[in-house]
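For reference, the structure discussed in these notes is given below.
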Amino acid sequence: QRRQGRSPGWEPLRDAEAVTTGVDGRFAVQGDADAGQLGIEVTAAGFLPLGPQPFARGADLQLVLDAAATVTGSVLLGEVIEIQDVVVELSLGEQRVQERLERRGSQGAFEFTGLPAGIASVRVRVLGERDGLLVDGVLLRPGEVTADPRLQAVDLVAGRRVVRFTVVGTDG
């Protein structure tokens, strides 16, 4: 990417494509760039994204990626709570992310990936409701998957029941 002058925005290099590193982590990027500052962005599964990281033309870069954290959990599903009824929200500092469930047997599973280390809060709730279950103090460690026991087999059924009805017109 390149940036002109003091412009806050970066734009892709012309004729440059994304590259994949070799097994030793080495890479080369080629493309046309006008005058201006150059920068590189790096993404890799299991790591936090980096960049744009400014660099000089012809530089031999050494980029170090920080390992990302992951949080997993599950919600009990059934006749009262169905997979499309549940939303899970994670808060970490100013960062807020939301996930929906993926069916795994009789449960709905969720996974937040690509998170920085820290202490998060996770809220599991039924759509249309504000509160649900709030779990504070979820510890996120770089390179680890956190399966906090408080977020496993969460039961949101308490106080709910299924009510079925049929709507008919005035003509019967």
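134 is the number that the working numbering gives to position 127 of the sequence shown; each next residue is one higher, with no gaps.
Just so it is clear, CB atoms sit at the ideal spot from N, CA and C, and this is done for glycine as well.
Note that this is a predicted model, so its numbers are computed, not measured.
Range covered by the beta strand (DSSP E) that runs through residue i
{"i": "GLY46", "result": "44-49"}
{"i": "ILE126", "result": "125-133"}
{"i": "LEU140", "result": "140-147"}
{"i": "LEU83", "result": "76-83"}
{"i": "SER113", "result": "First-last for SER113: undefined, no H or E at that position."}
{"i": "PRO61", "result": "57-62"}
{"i": "VAL36", "result": "Segment: none, VAL36 is in no beta strand (DSSP E) and carries neither H nor E."}
{"i": "LEU72", "result": "That residue, LEU72, is in no beta strand (DSSP E); it is neither H nor E in DSSP."}
{"i": "GLU96", "result": "93-99"}
Exposure of residue i, with buried meaning 16 or more beta-carbon neighbours within 10 Å
{"i": "VAL175", "result": "exposed"}
{"i": "VAL26", "result": "exposed"}
{"i": "ILE88", "result": "buried"}
{"i": "LEU70", "result": "exposed"}
{"i": "ALA75", "result": "buried"}
{"i": "LEU68", "result": "exposed"}
{"i": "VAL36", "result": "exposed"}
{"i": "VAL161", "result": "buried"}
{"i": "LEU146", "result": "exposed"}
{"i": "GLU86", "result": "exposed"}
Residues near residue i in its chain [Cβ-Cβ closer than 6 Å; skip 5 each side]
{"i": "GLU48", "result": "GLY58 and PRO59"}
{"i": "THR77", "result": "THR120 and VAL152"}
{"i": "GLU24", "result": "none"}
{"i": "GLU96", "result": "GLN105 and ARG130"}
{"i": "ALA154", "result": "THR79"}
{"i": "PRO56", "result": "THR50"}
Same chain only: Cβ atoms within 7 Å of residue i, ignoring 5 sequence neighbours per side
{"i": "THR28", "result": "PHE34"}
{"i": "ALA51", "result": "LEU72"}
{"i": "GLY144", "result": "ILE126"}
{"i": "GLY100", "result": "GLY125"}
{"i": "SER98", "result": "ALA127 and SER128"}
{"i": "ARG148", "result": "ALA76 and ALA124"}
{"i": "ASP138", "result": "ARG132"}
{"i": "ARG107", "result": "VAL94"}
Presumed contact (8 Å Cβ cut-off) between residue i and residue j, rounded CB distance
{"i": "LEU140", "j": "ARG130", "result": "7 Å"}
{"i": "PHE117", "j": "THR79", "result": "7 Å"}
{"i": "LEU134", "j": "VAL94", "result": "6 Å"}
{"i": "ILE90", "j": "GLY115", "result": "5 Å"}
{"i": "LEU158", "j": "VAL142", "result": "6 Å"}
Contact set for residue i: own chain, Cβ-Cβ below 8 Å, skip 5 residues either direction
{"i": "GLY150", "result": "GLY53, ALA74, ALA75 and ALA76"}
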